[in-house]
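Residue numbers (the working numbering): 87 to 177. We treat Cβ as the ideally placed atom computed from N, Cα and C, and that holds for glycine. Everything numeric in this text was worked out from a predicted model, so none of it was measured. Inspection log for the structure reproduced underneath, given as C-alpha coordinates.
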(Lines of atoms letter the chains of each structure in order from A and count residues from 1; the text may use other names and numbers.)
(Lines give C-alpha, C1' and ligand atoms only; values in the text may rest on other atoms or scores of the structure.)
Protein backbone atom coordinates (compact mmCIF):
# COMPACT_ATOMS: atom_id res chain seq x y z
CA UNK A 1 0.00 0.00 0.00
CA UNK A 2 2.83 2.42 0.85
CA UNK A 3 4.53 1.62 -2.43
CA UNK A 4 1.32 2.43 -4.34
CA UNK A 5 0.98 5.72 -2.46
CA UNK A 6 4.63 6.55 -3.11
CA UNK A 7 4.08 6.03 -6.85
CA UNK A 8 0.69 7.76 -7.05
CA UNK A 9 1.56 10.91 -5.10
CA UNK A 10 4.15 12.30 -7.56
CA UNK A 11 1.77 11.61 -10.45
CA UNK A 12 -1.05 13.51 -8.75
CA UNK A 13 1.24 16.43 -7.97
CA UNK A 14 2.45 16.62 -11.56
CA UNK A 15 -1.16 16.79 -12.77
CA UNK A 16 -1.92 19.77 -10.56
CA UNK A 17 1.23 21.59 -11.76
CA UNK A 18 0.30 21.03 -15.40
CA UNK A 19 -3.20 22.33 -14.80
CA UNK A 20 -1.93 25.45 -13.07
CA UNK A 21 0.07 26.40 -16.19
CA UNK A 22 -3.13 26.57 -18.26
CA UNK A 23 -4.86 29.25 -16.17
CA UNK A 24 -4.10 32.42 -14.25
CA UNK A 25 -6.50 33.88 -11.70
CA UNK A 26 -6.77 37.67 -11.88
CA UNK A 27 -9.06 38.83 -9.08
CA UNK A 28 -12.38 37.09 -9.72
CA UNK A 29 -11.57 36.45 -13.40
CA UNK A 30 -9.51 33.68 -15.00
CA UNK A 31 -7.19 33.94 -18.00
CA UNK A 32 -6.92 30.65 -19.88
CA UNK A 33 -4.75 29.25 -22.66
CA UNK A 34 -6.70 29.89 -25.86
CA UNK A 35 -8.07 33.27 -24.73
CA UNK A 36 -7.40 36.23 -27.02
CA UNK A 37 -4.55 38.68 -26.51
CA UNK A 38 -7.21 41.38 -26.07
CA UNK A 39 -8.66 39.45 -23.11
CA UNK A 40 -5.18 39.22 -21.56
CA UNK A 41 -4.81 43.01 -21.84
CA UNK A 42 -8.32 43.54 -20.43
CA UNK A 43 -7.50 41.43 -17.37
CA UNK A 44 -3.83 42.29 -16.81
CA UNK A 45 -3.30 45.65 -18.53
CA UNK A 46 -0.24 46.49 -20.56
CA UNK A 47 2.71 44.18 -19.88
CA UNK A 48 5.73 45.49 -17.99
CA UNK A 49 8.01 43.75 -20.49
CA UNK A 50 7.58 42.29 -24.00
CA UNK A 51 9.98 40.15 -25.99
CA UNK A 52 9.62 38.46 -29.36
CA UNK A 53 9.26 34.70 -29.65
CA UNK A 54 11.01 33.21 -32.68
CA UNK A 55 10.92 29.81 -34.32
CA UNK A 56 14.09 27.80 -34.97
CA UNK A 57 14.73 29.74 -38.19
CA UNK A 58 14.53 33.15 -36.50
CA UNK A 59 11.14 34.11 -37.90
CA UNK A 60 8.71 35.92 -35.59
CA UNK A 61 6.29 33.48 -34.00
CA UNK A 62 4.68 35.65 -31.30
CA UNK A 63 5.46 37.60 -28.14
CA UNK A 64 6.18 36.82 -24.50
CA UNK A 65 4.55 39.30 -22.11
CA UNK A 66 5.62 39.68 -18.46
CA UNK A 67 3.45 41.03 -15.67
CA UNK A 68 4.28 41.70 -12.04
CA UNK A 69 1.35 40.57 -9.91
CA UNK A 70 2.04 41.11 -6.23
CA UNK A 71 4.90 38.78 -5.33
CA UNK A 72 4.54 36.80 -8.56
CA UNK A 73 5.78 37.25 -12.11
CA UNK A 74 3.36 35.97 -14.75
CA UNK A 75 4.65 35.29 -18.25
CA UNK A 76 2.00 35.03 -20.96
CA UNK A 77 3.06 33.83 -24.41
CA UNK A 78 0.95 35.14 -27.29
CA UNK A 79 1.00 33.27 -30.62
CA UNK A 80 -1.38 34.12 -33.44
CA UNK A 81 -3.28 36.59 -31.27
CA UNK A 82 -4.08 33.94 -28.64
CA UNK A 83 -2.64 32.95 -25.26
CA UNK A 84 -0.42 29.94 -26.01
CA UNK A 85 1.03 29.42 -22.52
CA UNK A 86 0.97 30.90 -19.03
CA UNK A 87 3.75 30.65 -16.47
CA UNK A 88 3.30 32.02 -12.95
CA UNK A 89 6.20 31.97 -10.51
CA UNK A 90 7.23 33.62 -7.27
CA UNK A 91 10.02 36.16 -7.25
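Only exposed fits residue 132, as fewer than 16 other CB atoms lie within 10 angstroms of its CB. In terms of CA proximity to residue 126, 149 leads the group 176, 149, 140, 139.
In this structure, the alpha-carbon of residue 157 lies about 6 Å from that of residue 176. Shown here, residue 123 sits in a helix according to DSSP, grouped into three states.
Annotation for residue 132: no beta strand (DSSP E) segment contains it, and DSSP assigns it neither H nor E.
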